[in-house]
Structure formats: C-alpha cells, structure tokens
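See below for the structure under consideration.
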Amino acid sequence: MKPYNPHETEPRWQRIWDETGQDKVREDSSKPKRYVLEMFPYPSGDIHMGHVRNYSIGDVVARYSRMRGFDVLHPMGWDAFGLPAENAAIKHNSHPAVWTYGNIETQKASFKRMGFSYDWDRTVVACDPEYYRWGQWIFLQFWKRGLVERRNSPVNWCPNCETVLANEQVTEGECWRCHGAVEKRDLTQWYFKITDYAQPLLDDLEQLGGWPERVRQMQANWIGRSEGAEIDFVMCDKEGNAPQNPYPQDIVTVFTTRPDTLFGCSFFLLSPEYKGLKEMVAGTEYEKPVNDLCEAAAKVSAVERAQGDREKHGVFTGRYVVNPVNGEKVPVWVADYIVADYGTGAVMAVPCGDQRDFEFARKYNLPIIPIIVTKDDPLFAKLNGQKERIVSSVDWDSACDTEGILVQSGKYTGLTGGKHSEAVDAIMADLIAQGKGKKTVQFRLRDWLISRQRYWGNPIPAIYCDDCGLVPVPESDLPVLLPEDIDLAAGETLATHKSFAECTCPKCGKPARRETDTMDTFTCSSWYYLRYTDPHNAHLPFDSDKANRWLPVDQYIGGIEHAILHLLYSRFFTKVLNDMGMVSFTEPFTNLLCQGMVKDANGETMSKSKGNVIAPEDMIAEYGADAVRAYILFMAPPDKDLNWDEAGLAGLYKFLNRVWRVVHDLVGKAGEDTLFKGGSKEEVDGFKKVLLRERHRVVGKVTEDFERNNFNTAISAIMELTNAAGDFLRVAPPEKRISCQTCGPLCADVAEVMVKLIAPIAPHMAEELWHEVLGHTDSVHNQSWPTFDADLAVDDDIEMVVQLNGKITSKITVSKTASEDEIKNIAQQSVAGVLATRNLSIVKAIAVPGKLVNFVVK
RNA sequence: GGGGGCGUGGCGGAAUUGGCAGACGCAGCGGACUUAAAAUCCGCCACCGAAAGGUUUAAGGGUUCGAGUCCCUUCGCCCCUACCA
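If you read the first sequence in our numbering, its first letter stands for residue 907, the second for the next number, and so on.
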C-alpha cells in the first residue's frame, strides 16, 4: 500500500482540476441552482486561520451541494479598494495597485493550495476599472432616483490627515493612522439616502428566517424605529414675551415617545450643536457660558461620549418655552447629553420619568414634578387629594417607573400612562386638533456618508460647473478612471493631482472641475455578488436574467463583524435595484452563516499589531491542506468562536491516514498493511452486522449534519464509520473482503461511501482514493451523494432502559418491531424482582419506543 | 442603560422534539508489536469510593413520570449597541 502523502497528491489534483475545468460553473439549467458565497476578502497579505475557516466552510457547502445534484455557483474575488493599500504605498514609496495585486496573487495561491473549488474565471476585483465603472453607473442610477444627496452635516474629521473618517476609523477619539485627535466638523459630503428604505429594511427582516436571530436583532436595533410625536413649544423670554434679540425661529419642536408625560416637563434642553443656538444667546449675559459649554462638548470625542456614566453639564440660555398642554413657562438649557442628530436635537425634560433628566435636575436644582405613579404607590393617594402642585419630590433617589396612572396632569389625571397608553392617545388628539403636534416615527438609522477624501477608491462620477452647478458624469463617459501617476508618499491626493480634476462641463462645455472624492469601499461590496453571475458583461453591471437565475444567494458565509454594515448596505442596494426593475428579488441573501472568530490560544483576537496572527502555510507543509480543512471544521461548530490550538491537528491527520488505510483494506489493497489480526466467526458476524448498520446510520447522520451546517459532528460520524470498518477488518480475513458473497459487496460499498462522505471535507484524498484505489476515472466530486436505508440504520434488537420513577433500574433488549405493550411487559418482568423486594407497585407506565420505559411506582 | 447569547470532564466539544449526560477527538495512563524508537493496534479514562453504590451539566428553586434542555431567582462570562429623549 502506498502511504498517504498529501504533499504529492494535493498539488497533483489541484493541477488536474485546473486543467479539466473541474470547478467551473456548469450553467446547467436542467439542475436546480445553488449559489454558495463567502464574503470576499480584503487583500491584506497572507491568509490566516480566519480565512481558512470561512472558506473551508464554504467549500464544503459547495462541494456537498454539487454532489446533491445542484448546479452550483461558487465564486471568489477581492474587496480591493481601501486604506491599507494607500498606507502601504506611502510606506514603501510605491503604488497601491502594486501592493494590492501582489497580495491578491499571494492569497489566490493560498486559496488554490487549500483546494477551494472556485471558478476563477469569474473573479471580481473591486479596483479593476471593468468592475468599478459599474459601481459608478449604479451611483448615477441612484442619483437619478433621488437617492444621492450632497449636504452639510457634522462629521468626523482628522486635521492631520485632512480627511473625513468613518466611525470605524476612529478609535478612542483618535485617528487610527496618525493618532491625532478627531474633531467634529460641519462639512458638505455625499450621502446615499438609505433612510428612505428604513421601513422596508426593517420589515423584511421578517423574511430572513435563514439568518441568525442575533444578526436580525442587531439590524433591527441599528435601524431603531421608534414611534412617537413631534410637539411644538413656543419660545419666549422671562416675562413670557417674544424674545427680543433676533432669532430665526420662535417655535422649537421636540421628538418624544412619551407625550403622556408632558405635564412633568419642568425644563427644556437643546443640544450644543443646535442650529440657531449661537444667535439665540448673542449679545446676552448667557453668550459666554453657552459658547464655553458648546466648545467643551465639541472636544469630547465620540468614544468618550459613549462611555455611559459621564457627568452631565448644562447652562441656562436665558430663554423659556411654553408647555403646550398647560401654558407653563419652563427654562431652556443647553446640555451636553443631548445629541444633535437624533430627533430634532431638542428635548422636553421630564426628570420624574427619565433617569438622565433626573440627574440633570438634581445637579442644577431644577424641579422634579411627579406625574405618573403606580396605583399602590403611597404618592398616588397623596397626590390625588392634593390641591397645590408638588413640584419636587426630594425623597426620591432616582427617576420612577414610567408605567402607571397619571397624576397632576390636568384633565388627563387618572388615565393610564405608558408608551402606547390612553393618556398618549388623549393628549395627542388634543395637540393635533390645536395644531401643536403630530404623530411621527423616528429612525436611528442615519444616511450613509459615502464620500472619502482618499485616492484608492472608486471616483465619484460628478462634475462642478460654475454655471450649471453639480452635474453627473454622462454614462457614456464612464468609467472615471483613477489616474495612475500619483505620488502618495509626497502627499499628493486626487484633489491636488495636476490634471484629474480638469474637465469640461457635459452640459455647457465650459471648463469645469471633477469631484475628487472617492466612494466608501462598502459601496463596492454592496453588489459584487451580482457581478459574479455575469462578470464579463461590458454593457451593464449584470444581466437581469442571469442575476435572477442565481440570486438570492442560497448560503452566504462570513464574519459577524459585517452583521450591520455590509449586510445592511447590500440589502439596501438590492431593494433599490429591485425598484429599478433590474432584479426580481428584494433580499440578496436567503441563508446566512456567521462563522465564529478564530482567536489565539489565549482567546485574544488575532491581529498584525499584536503579532499573533497564525497562517496555515507551515501546517499545510506538515500535514497537507485536507488535514487543516478537516481540523478547523472539526474543532467547533462553525458559528462558535474558537481558540486556535494546533495540538489536535495531528489527530485529524491521523484520522485521514486511517481512512486511507481502511479504504485500501476494505477493497483488499492494503497488502501487508492490513488491519487483520484474526477473529472468531461470531466476531466476524457481529462486526459485520455493526458495519452494515453504521454504513446506513452514518450516511443519514452526515447528510443531516451537512444540511444543518454541523460539520464537526459530521466528521465525528465519519470517524464512527471508520471505527466500525476497522473493527470488522481486524477480525475478518483479507480474502473474505473480496471473495465472500455478503462481505465483499458490503466492503466495496462501505469503501465508496466513506470516500464520498469525506470528499467535501478532504477533497484531494478522496479524489486520490476514488481513482487509484477504487479504480474510477471520473472525479469523485461529480458523483451523486450516497443514499441510505433508514431501516438498516437501526439494529433488529434495540437495547432499552427501564426506569423506576425516572431512575435507571435495568436494561432490556427488544425487537425493533415490538409493540408498546410487549415492551412494557418485558420491562415489567425485568424489574419484577426489585418491585417485590422493595414492596412497590406500578401506578403508571410510560414507554418511549426505542428509548426507555419508565414505571411510576409507590 | 437597552438588546442578544452562553455556562457540560484536564482540554475542544456531543446530546436534533424534554427520554441512557459526557458521542467523536486531543491530552493522559496501561498493554501488544519492536533490539529500540517512531508509526500502528488494543484497553482504561466525569467525580467520590477498595467495592457495592452514590454524586454530577455555574448555584438555588419550580413544572414534569422524567430536565443539560422548559419556567423563576442569583452568580459569572462573551458579543452588539448606546446619554436615542
């Protein structure tokens, strides 16, 4: 027997598969389609165990799907635009494309070495003009549909790098590149109006039953729908008159989910960024303290802001507003805990029901008016009989429960209060009638800021003309090519590039300037899965018929870190493309598997900066790709985080060796390496029976496990079949395996079944065994998945447990065809002695066929 | 603060609908083969106990004939999100 040698067989089969086009998409419409997709990687350099895990899972699903008779699309590409390439280019005084394409080649070689079955003719590389031109085209279509907006907003700005940063590029208030402090700035930037799709993005989560619940939850939270009301407060001065110094608005609108608590509003808050705030205090004694507070608030980084228990700061503005329900005048403060970009940036403070307002009121000695209490609260009786309004409850140490009965609330007193309560309905009905408010829905979701002041991205196809204003680049002029001659190390950018911005206005023909911002890389990853269906289309991003055949993706696999951003953006793109009539579906990914992270042995996340990144190369060199694939799948269920520990890898290598030997031995080709040690006829018959049962049971089990993505237990089951075969081989003489009329066919069948079962996991070894040992000429990966007989998967006689009051007392063996009564009888006989000695009698008998019998006894 | 998840041997993990807890593997121990080692093969391997037997799924309680699984309380860990009004 030839020893198992992955170092020779793996590269050989990889070469043959390449030559025969084994992994090409068949486009065979006589078969049902299955689109198996793994999130495409960023070409950061060498691959690490996280990649190995992600793509091993995908490859098993793809290979298994082919054997199940599906026409499979299983492509791979690169998310190739982005900052690291630029940083590397600056560091090495080179060009981002050099670094990027170099890394792509490295990664591609590693993927091939792992034996992943991708159709490399369909590769999509995001920085390829043939791909990004269609990103620009899609941008223009979005623009036509009113989904593109250029507007002024507060954004994260790094003064050192002179660029806008995404939230994820700001860590602990510092720029991740230069570690300078990030500022909030009002800048005019490009946005995709994803908020137009907030409701369908939320509603359609219901359809995504094939997604992990937590991802759906995370998206729902991110979209953050809350029902409430906008209520108008009229602004005035201390005497209740219209304010004297000029101020652009005299009505301030708040958003609240709790209009029922209006009577508890004892002060009013504006965010430091509130528009018009500066004018409001200009020239008054409040100008300096207000401006000081605003400046201090602006210096607080986003991350610091997010740290829960920060002390709240505020100052009085000199203004008041009139509470629309009772005409009461309440002071207007500016407070640093009010965020500008949620709701209206103005809040009615109800300290009795809101912990934050409560703390603020305590700190600045503002009134706390109890207006909602539970019935059993002693305050309820007290306040009901009270004539004077109680405006402070000094004995409280925190805000109270906000579900209960309204008190001190004028004509609404006595109504039940709460989020969707009768008090809300009553108060809102009156406010609406008086024109002081309206019901509304707020989303937490913000529009998507897509412009970046970076070179290595997809240029935004827009032109500024002094006469015509903002003009889209005509579709016929696409792509707007990134200029190749740029000296990033010298600080050159698209904006300072000598000729990139020069152009003529497509409308009037006069000299104009090109937009020099590029798009967020997440725009590239929002539709790449569509391009795979038609990767060489020169007229459109993709052909609708092709996309409609392959999409939605049947199994999408990737890291949880994309739970919101990429997956939400892709859903948004799909919905817009559906509205455009380009695709017939509204959700891109039917089933989603979020694989767990691969951490180091100490449970630390792997990262280049920590220097604890583990690459598969050395392991492949020692044990081969099949063993590495099998081990990472065997280590843990796919969605669980795992701490990398190489110790078990040798065990899986041993297992593959065992399969190798057992398959040889089953068909009489092990030679001197046979497992045969000798055994009695009884042993031979016994192990043969077990082997037949295991052959059918394990096929059933592995099939079920693959359907549910339980790769670890699938491998366990294959180990069990291998063990059963080993037991049989040890006792049955080698000649019996070919010559015996019952053993021979069984051995041949088990050998084929084992090779097929392991083919998706260890594709090279399976292929080698299939050809060299089992003598086939077609690929094992083109075979159909083995079937099984459920009847043969169970022994004729089943062992069952007999319990007394749930405690195991004896075991019985019954025929699998035995009736419930027969089982109970046999069980009762088995415990008769025990019942007699303990003087017990049976009250009730519960039989679970195939499992146990439980007697309730007294 | 809000939301989600988890807690099983020395370790990774299994137990699919409430039905024999610890499958499968790693590590460990013992044995066979070998001059020896490696490889391979066999056996043992939750805890206490010499054994009989008892105990055991973070802790406590509940529902049930029966609970790792369902419910409640407490503790611990992880992830997401956040002054969201």
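Every residue, glycine too, gets a C-beta built ideally from N, C-alpha and C.
Every value quoted in this text rests on a predicted model; they were computed, and no experiment measured them.
Given residue i, which residues of its chain have a CB within under 6 angstroms of its CB, disregarding the five upstream and five downstream residues?
i: Arg1603; result: Ala1699
i: Thr1163; result: Ser1132 and Gly1134
i: Phe1139; result: Val1158 and Val1227
i: Thr1190; result: Gly1224
i: Leu1663; result: Val1608 and Ile1624
So, residue i versus residue j, is the Cβ gap smaller than 8 angstroms?
i: Arg1028; j: Asp977; result: no
i: Phe1098; j: Asn1364; result: no
i: Leu1394; j: Glu992; result: yes
i: Phe1428; j: Pro1458; result: no
i: Thr1012; j: Arg1056; result: no
i: Pro1060; j: Asp1092; result: yes
i: Leu989; j: Lys939; result: no
i: Ile1714; j: Gly1756; result: no
i: Phe1022; j: Asp1109; result: no
i: Cys1142; j: Lys1269; result: no
Starting from residue i, follow the alpha helix (DSSP H) in both directions and report where the run begins and ends.
i: Lys1235; result: From DSSP, Lys1235 is part of no alpha helix (DSSP H) but of the beta strand (DSSP E) over Lys1235 to Ala1241.
i: Gly1564; result: It is worth fixing the name first, because residue 1564 is Arg in this sequence and not Gly. First-last of the alpha helix (DSSP H) with Arg1564: Leu1555 to Leu1572.
i: Ser1622; result: Phe1617 to Val1637
i: Ala1536; result: Ala1531 to Met1541
i: Phe1694; result: Run containing Phe1694: none; DSSP gives neither H nor E here.
i: Val1737; result: Glu1726 to Arg1744
i: Arg1477; result: Leu1471 to Asp1485
DSSP state of residue i, grouped into three classes?
i: Cys1064; result: strand
i: Lys1505; result: strand
i: Ser1132; result: strand
i: Glu1191; result: coil
i: Tyr970; result: helix
i: Met894; result: One cannot answer for residue 894 here, as it falls past the ends of the chain, which runs 907 to 1764.
i: Glu1610; result: helix
i: Gln1359; result: coil
i: Asp1703; result: strand
i: Arg1295; result: coil
i: Tyr1038; result: helix
i: Pro1417; result: strand
i: Pro1458; result: coil
i: Pro912; result: helix
i: Cys1500; result: strand
i: Met1788; result: Outside the shown range of the chain (907 to 1764) lies residue 1788, about which nothing can therefore be said.
i: Val1231; result: coil
i: Asn993; result: helix
i: Gly1259; result: coil
i: Asp977; result: strand
i: Ala1453; result: helix
i: Val1686; result: helix
i: Leu1053; result: coil
Between which two residues does the beta strand (DSSP E) carrying residue i extend?
i: Leu1312; result: Gly1310 to Leu1312
i: Asn1760; result: Leu1758 to Val1763
i: Arg1091; result: Glu1089 to Phe1098
i: Val1656; result: That residue, Val1656, is in no beta strand (DSSP E); its alpha helix (DSSP H) goes Cys1649 to Ile1664.
i: Ile1369; result: Ala1368 to Cys1371
i: Ser1716; result: Lys1713 to Ser1721
i: Phe1173; result: Phe1173 to Leu1176
i: Asp1375; result: Before going on, a small fix: residue 1375 reads as Gly here, not Asp. It spans Gly1375 to Pro1378 - the beta strand (DSSP E) in which Gly1375 sits, taken as one unbroken run.
i: Tyr941; result: Lys939 to Glu944
i: Cys1430; result: Where Cys1430 is concerned, there is no enclosing beta strand (DSSP E), although the alpha helix (DSSP H) it sits in stretches over Thr1427 to Cys1430.
Tell me which same chain residues have a C-beta within less than 7 angstroms of the C-beta of residue i, skipping the five on either side of it?
i: Leu1562; result: Tyr910, Asp1532, Ala1533, Ala1536, Ala1668 and Met1671
i: Leu1471; result: Phe1428
Here's a check: name, in chain order, each residue in its chain whose Cβ is nearer than 8 angstroms to the Cβ of residue i, leaving out the five neighbours to either side.
i: Val1297; result: Ser1172, Pro1273, Ile1274 and Ile1275
Tell me, please, whether the stretch 1121 to 1132 touches the stretch 1337 to 1352 by the rule of three or more beta-carbon pairs shorter than 8 angstroms. As far as the Cβ criterion goes, the stretch 1121 to 1132 touches the stretch 1337 to 1352, which means the pair count is three or higher.
Count the C-beta pairs between the stretch 1499 to 1514 and the stretch 1534 to 1550 that are closer than 8 angstroms, then say yes if the count reaches three, no if not. yes
Assess contact between the stretch 1013 to 1027 and the stretch 1414 to 1422, defined as three or more Cβ pairs (one per stretch) separated by less than 8 angstroms. Is contact present? no
Determine contact between the stretch 1392 to 1412 and the stretch 1036 to 1052, defined as no fewer than three beta-carbon pairs at a distance below 8 angstroms. no
The stretch 1434 to 1441 contacting the stretch 1449 to 1467, beta-carbon criterion three pairs below 8 angstroms: yes
How do the stretch 1637 to 1644 and the stretch 1571 to 1579 stand: do at least 3 beta-carbon pairs fall below 8 angstroms, yes or no? yes
Is the stretch 1441 to 1451 close to the stretch 1028 to 1041, with three or more CB pairs under 8 angstroms? yes
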